[in-house]
Amino acid sequence: MDGKAPDDGAMDDGATMRVAVVGAGAVGLTAARDLAASGAAVTVHDRGEPGSGASGRAAGVLYDAYAEDVDARLGARAMERFRALSGTRGFEFNECPYVMLARAGDAELAEAIGASAERMRSHGRPVETVAPADLGDRFPALRSDDVAAAAVATNAGWTDPGSYVEAMLGLAREAGAEIRANEPVAVDPGGPGVVACTPSASPTDEYDAVLVAAGAHTKEVLADAGIPVPLKSYRVQALTSRAAYDGPMCYDASAGVYFRPHPTGLLGGDGTVPEEADPDDWDRGADDWFRADLGDALGRRASHEPVVERAWAGLCTATPDGDPLLGEIREGVYVAAGWQGHGFMRAPATGEAIADWILGESAGIDPFDPARFTGEEEFEIREGMAVETGGDRP
150 MDGKAPDDGA MDDGATMRVA VVGAGAVGLT AARDLAASGA AVTVHDRGEP GSGASGRAAG
210 VLYDAYAEDV DARLGARAME RFRALSGTRG FEFNECPYVM LARAGDAELA EAIGASAERM
270 RSHGRPVETV APADLGDRFP ALRSDDVAAA AVATNAGWTD PGSYVEAMLG LAREAGAEIR
330 ANEPVAVDPG GPGVVACTPS ASPTDEYDAV LVAAGAHTKE VLADAGIPVP LKSYRVQALT
390 SRAAYDGPMC YDASAGVYFR PHPTGLLGGD GTVPEEADPD DWDRGADDWF RADLGDALGR
450 RASHEPVVER AWAGLCTATP DGDPLLGEIR EGVYVAAGWQ GHGFMRAPAT GEAIADWILG
510 ESAGIDPFDP ARFTGEEEFE IREGMAVETG GDRP
């Protein structure tokens, strides 16, 4: 994960490595592009259009403010690659600080924010604690008289997730990857290979490696191949507002909401529903309670009364420990899923890392090895952005 691509994607016998990527979201397309650029023959399969899953409904909040070493390293690499891509094929990275805060009266959350910021700094992340009295002076758009603790991550920004998908799609094709949209497939772990699920699609294709990065459908795709994984999909919600907002990105941990600047004014969200959702049958609209709760939180924190332009729900995927499944799960079969709401913001780094792993390079993602689970674990869904008050994660 040092940014250097292997010399080629050749097998030991000199033949070109053939890789199938199932899922044309941000992670899958990044991996496809990096694999193809390294010399592999890559085919990307998606049941819909590229970016039509979680990537197309992501919030576009980007930062490297993580308290654990592997998370911080991936976050830093992702930010590096986002900036390097900015200005290419319509993709733009917008610099913007990210504020995390807790209200007075939330002593446990306030302590957790301070402790997380200290751990982030220990991993070289540019995160500073800010006295509540100084927060309003630094960010006049935020109300600060009720703040107990705040931290500011300066290596942060925002973007339009769809523009990243489009840019990476073009770069993947330019590198030689073949994109097969609207083509559901099944995985054959005995090949490994993929089996077309529609009469008009290609027959079974065999590959040297298959990467399943199908978002909420990852569990289903692997289960059909006899490979159980502990993944649960759950709904999160967001909206855009036409009312003006001129301030930083902000996560109000006490309210459980985030917001950022947006070309139309403001984008805000969370609205986590901690119940397992059916990836083939779920409500794509935002709930009334979410609109009301977010409106109250925005009014309190930023004196912002939303003028709703669009409101929607998306699907995130959870794992038992909150960390993704990233690596080889059966011989020749790889998985990249379970981002707990942080998938898009780390896509440039995780796509690169799994591509390196497939090509036999050191990827530095051993803590995310899917072999740490049997696939039969029972667990409860937890909010991905929440500040942990008793665990190891920020």
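To convert, count from 1 in the sequence shown and add 149; that's the numbering used here. By construction, the Cβ of each residue, glycine as well, lies at the ideal position given by its N, Cα and C atoms.
Which of helix, strand or coil does DSSP assign to residue i?
i    : result
D427 : strand
P155 : In this prediction, P155 has a pLDDT of 38, which is less than 50 and means its spatial position is unreliable; what the coordinates show is noted afterwards. Coil.
T466 : strand
D401 : strand
G263 : helix
I530 : coil
T421 : strand
P543 : Low confidence applies here, because P543 scores a pLDDT of 38, under 50, leaving its location unreliable and the question unanswered by this model.
Y394 : coil
T237 : coil
L223 : helix
T523 : coil
S452 : coil
A363 : coil
R479 : strand
S201 : coil
R329 : strand
On the DSSP bridge list, what partners appear for residue i?
i    : result
N243 : W307
V168 : V191 and A358
G342 : D337 and E355
G414 : H411
A498 : Paired residues: none, contrary to the question.
L388 : G417 and A460
Is it right to say residue i is buried, meaning 16 or more other beta carbons lie within 10 angstroms of its own, or is it exposed?
i    : result
F528 : exposed
W438 : exposed
E501 : buried
T192 : buried
G417 : buried
N304 : buried
S271 : exposed
R459 : exposed
A233 : exposed
G239 : exposed
D156 : Interpretation of D156 is limited by its pLDDT of 41, a score under 50 that renders its predicted location unreliable; no figure is taken from the coordinates.
P246 : buried
T165 : exposed
S265 : buried
A280 : exposed
P473 : buried
R230 : buried
E526 : exposed
R495 : buried
D541 : Caution applies to D541, whose pLDDT of 40 falls short of 50 and renders its modelled position unreliable; the value that the coordinates give is listed next. Per the 10 Å Cβ criterion, exposed.
E424 : exposed
If we call anything under 8 Å between Cβ atoms a contact, is residue i one with residue j?
i    : j    : result
H366 : R196 : yes
C465 : L291 : no
L178 : M317 : yes
L388 : P455 : yes
G202 : G174 : yes
A227 : A486 : no
A169 : A324 : no
V248 : P410 : no
G342 : E355 : yes
A426 : R384 : yes
E277 : V301 : yes
V171 : V361 : yes
R167 : D357 : yes
G463 : V176 : no
G481 : V359 : yes
A402 : I262 : yes
Going by Cα to Cα distance, which pick from the options is closest to residue i?
i    : options                   : result
V484 : F493, R232, A520 and P469 : A520
G200 : K381, F522, G405 and V314 : V314
A282 : R206, S293 and R274       : S293
W488 : G509, E257, P379 and D401 : P379
D213 : A441, A225 and S204       : A225
E369 : A256, D429, D419 and G490 : D429
I503 : G340, G490, W431 and D518 : D518
A189 : E257, A446, G509 and G311 : G509
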